[in-house]
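Step one of this worksheet: look at the structure below.
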Amino acid sequence: MTMNIRTHLMFEGSAEEAMNLYVSLFPDSKVVQTRRYSEGSHKGKLQIGSFSLAGREFLCIDSPVKHDFNFTPAMSIFVDFDDEHALEKVFAELSVDGEALMPLGDYGFSRRFGWLTDRFGVSWQLNLP
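Last residue of the sequence shown: 321 (the working numbering), numbering continuous.
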């Protein structure tokens, strides 16, 4: 049996902006494919995008339907870094207009760890083991 398991992120209008930010922050990352809505109120918005972050594949969409839910920190993207400067840079970029749930620090289980929700509502745990 062959399967492809990917993380899927649903936005309401900011999928492409989020995807481009994420791709810009991590090495070995790229936008793989995009398809846009061709008509209606969502014309031009991202119907589906696929991208990879450090070789890990993700999907994202701009939902044309408003929902009563959004992202939650109960599900987060966890990134291990091997360089403290890179961790601090990514944390700073993702924190812009977001919220630090656990500011960068030594919490005993890691040399440097931070948990945040970015301006799009996506939760990130950034770690220097």
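Every residue gets a Cβ at the ideal spot worked out from N, C-alpha and C, and that includes glycine.
Nearest to residue i (by Cα), restricted to the options the options
i                 : options                        : result
valine 215        : Arg311, Thr309, Phe243         : Phe243
glutamate 249     : Phe273, Lys235, Gly236, Lys222 : Lys222
serine 233        : Ala278, Asp310, Gly205, Gly313 : Gly205
phenylalanine 261 : Phe312, Asn196, Leu320, Ala246 : Phe312
glycine 290       : Gly300, Gly297, Glu276, Leu308 : Leu308
glycine 297       : Asn319, Asp310, Leu217         : Asn319
Start and end residues, alpha helix (DSSP H) containing residue i
i          : result
valine 282 : 276-287
Between the CA atoms of residue j and residue i - distance to the nearest angstrom
i             : j             : result
proline 256   : glutamate 231 : 11 Å
aspartate 220 : alanine 210   : 17 Å
cysteine 252  : glutamine 317 : 19 Å
lysine 281    : histidine 200 : 25 Å
valine 271    : alanine 278   : 11 Å
arginine 304  : proline 321   : 7 Å
leucine 286   : leucine 238   : 21 Å
serine 268    : serine 315    : 5 Å
For residue i, the three-state DSSP class (helix, strand or coil)
i              : result
methionine 211 : helix
glycine 315    : The sequence given here has serine at residue 315, not glycine. In the structure shown, serine 315 sits in a strand (DSSP, three-state: E or B).
serine 216     : helix
glycine 247    : coil
aspartate 254  : strand
glycine 306    : strand
serine 192     : Nothing can be reported for residue 192, as the shown portion of the chain is limited to 193 through 321.
Start-to-end residues for the beta strand (DSSP E) that takes in residue i
i              : result
methionine 202 : 199-203
alanine 292    : 291-297
lysine 222     : 222-228
serine 268     : 268-272
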